[in-house]
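For reference, the structure discussed in these notes is given below.
Residue numbers (the working numbering): -9 to 131.
This is the structure in structure tokens:
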């Protein structure tokens, strides 16, 4: 009897978690629509593009997020956080592409980290970028 009760409780908790996750996703989608509308009004607002990039990253829309962070750099070339995020996403993509494309994507990630290192004056960002660069250059991927 206790096992059945525990299973029932766990099922309810799991369902609540699922519904909360769906609710969170719905909220992210609403925010995404609002950001698209705001960008139509202010297409050169780097912060709006940055927020959209973060939101799309959270939705798992990696290519779209990458494009938005690149748009931030186009609008504001000194926006270090955008370079950092571009580099992270490009590095993440190395394992997501077919094996034959990995060296090309790895070279793009290295280039992105080098650019991040070049534009950043923040010691912590530079340290992290250098660690990523060292690891990528040492890897055989």
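From the three backbone atoms N, C-alpha and C, an ideal C-beta is built for every residue, glycine too.
Exercise. Assuming residue 73 and residue 118 make a contact with CB atoms under 8 Å, what is their CB distance in whole Å?
Worked result: Here residue 73 refers to the residue found at position 83 of the chain shown. Here residue 118 refers to the residue found at position 128 of the chain shown. About 12 Å separates the two Cβ atoms, so there is no contact after all.
Exercise. The alpha helix (DSSP H) spanning residue 130 covers which residue range?
Worked result: Against the chain shown, residue 130 aligns to sequence position 140. Residue 130 -> no alpha helix (DSSP H), and no H or E assigned at all.
Exercise. Is the Cβ-Cβ distance between residue 170 and residue 57 less than 8 Å?
Worked result: Residue 170 falls outside the range modelled here, since the chain spans only -9 to 131, and no answer is possible.
For this session: Can you give me the Cβ contacts of residue 106 inside the same chain, cut-off strictly under 8 Å, excluding the 5 residues immediately before and after it?
Result: Counted from its first residue, the chain shown places residue 106 at position 116. Cβ within range, chain order: 70, 73, 74, 76, 77, 115, 119.
For this session: Could you check what DSSP says for residue 122 in three-state terms: helix, strand or coil?
Result: Within the chain shown, residue 122 is the residue found at index 132, counting from 1. Here residue 122 sits in helix by DSSP.
For this session: Assign residue 31 to one of two classes, buried (16 or more other C-beta atoms within 10 Å of its C-beta) or exposed (fewer than that).
Result: To locate residue 31, count along the chain shown from 1; it is residue 41. Flag for residue 31 reads exposed.
Exercise. DSSP on residue 58, reduced to helix/strand/coil?
Worked result: Residue numbering aside, residue 58 sits at position 68 when the chain shown is read from its first letter. Helix.
Problem set entry | Bounding residues of the alpha helix (DSSP H) (the contiguous stretch that carries residue 47) | As a working mapping, residue 47 is identified with position 57 in the chain shown. From DSSP, the alpha helix (DSSP H) with residue 47 extends over 36 to 48.
For this session: Report buried or exposed for residue 26, applying the criterion of at least 16 other Cβ atoms within 10 angstroms of its Cβ.
Result: Position 36 of the chain shown, counted from the start, is the residue given in the question as residue 26. That one is exposed.
For this session: Reducing DSSP to helix, strand and coil, say where residue 70 ends up.
Result: Residue 70 sits at position 80 when you count from the first residue of the chain shown. Helix.
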